[in-house]
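In what follows, a single structure is set out as structure tokens and then discussed.
Residue numbers (my numbering): 275 to 524.
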């Protein structure tokens, strides 16, 4: 086990006594507000602003800074798309919620529904759950996604499926691209760099640091190849584009 440096010990003392409790408090408050807002019928924009504020607070109390590049590539709010990004850590969620800048809904694993309060809040916010153990689940996911797009929201998916174990990207699964093809919307690739250093998989206490969020130009899958080859071709292209903004070691 590595010995603690004075800087790490100071940060852990801060986070355990101040940052962590604030992190937990803002998460609980966000869940309560989102659930109540959905129950009383407040607009989706209110829920979106609430989750954005929560994400910003979680980053702030963790002493995490974010740099955003490529804002000019963001689509207009009336042009929904499927947003895909590499998945470095749980902090990816805060970074994207706080800084992506367009209304969107998450596509997430079914098991996340069981997290106390968070699962209920995600249901209330109309996020899309997918059961990866059932082949039939993709059809329901597509139907749910159509409803989300009809309301002017984009859809966000981590094509790797789960967080990286070593900081390197793994092969992209095809689900996000099947959905984009079925719904005839463009793919918006986004690169997250630095979140792995903040909270590697399997750890529970974060490190302070900086995350760089790079937004790339969107592309249409029909331009990559003829169906059905356009799905694997688009998955390869998205992975290459996202990797282009990462250090070579990742």
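Backbone N, C-alpha and C fix where the C-beta goes; we use that ideal spot for every residue, glycine too.
- With distances taken between CA atoms, residue 299 lies nearest to 392 out of 402, 499, 419, 392.
- In this structure, the straight-line span from the alpha carbon of residue 341 to that of residue 475 is close to 22 Å.
- Taking 9 Å as the cut-off, the Cβ atoms of residue 492 and residue 462 count as close.
- Between residue 433 and residue 450, the C-beta gap is smaller than 9 Å, which places the two residues in contact.
- With 16 or more other CB atoms across the displayed protein chains lying within 10 angstroms of its CB, residue 508 is buried.
- Comparing alpha-carbon positions, the option among 313, 380, 348 lying closest to residue 489 turns out to be 348.
- With respect to the 9 Å criterion, residue 473 and residue 373 are not classified as neighbours on the basis of their beta carbons.
- Taking 4 residues as the minimum length, the alpha helix (DSSP H) runs contained wholly in the stretch 378-437 are 392-398, 411-424, in order along the chain.
- For the set 370, 520, 310, 384, the Cα lying nearest the Cα of residue 411 is the one of 384.
- Residue 427 and residue 442 have their C-alpha atoms some 30 Å from each other.
- Per DSSP, residue 459 lies in no beta strand (DSSP E) segment and is marked neither H nor E.
- Excluding five sequence positions before and after residue 307, the CB atoms of its chain that fall closer than 7 Å to its own CB belong to 324, given in chain order.
- About 7 Å separates the beta carbons of residue 459 and residue 423, which is inside the 8 Å limit, making them a contact pair.
- Only residues of its own chain outside the window of five on either side were considered, and among them 447 have a CB closer than 6 Å to the CB of residue 435, listed in chain order.
- If the five residues before and after residue 319 are omitted, its C-beta is found closer than 8 Å to the C-beta atoms of 377, all from its own chain and listed in chain order.
- Here residue 466 is near residue 370, since their CB atoms are less than 9 Å apart.
- For the pair residue 400 and residue 379, the Cα-to-Cα distance works out to about 7 Å.
- Assignment of residue 344 by DSSP, reduced to helix, strand and coil, places it in the coil class.
- For residue 298, the uninterrupted alpha helix (DSSP H) run begins and ends at 294-314, by DSSP.
- Taking every protein chain shown into account, the CB of residue 468 has 16 or more other CB atoms within 10 angstroms, so this residue is buried.
- With a threshold of 16 other beta carbon atoms within 10 Å, residue 290 falls short and is exposed.
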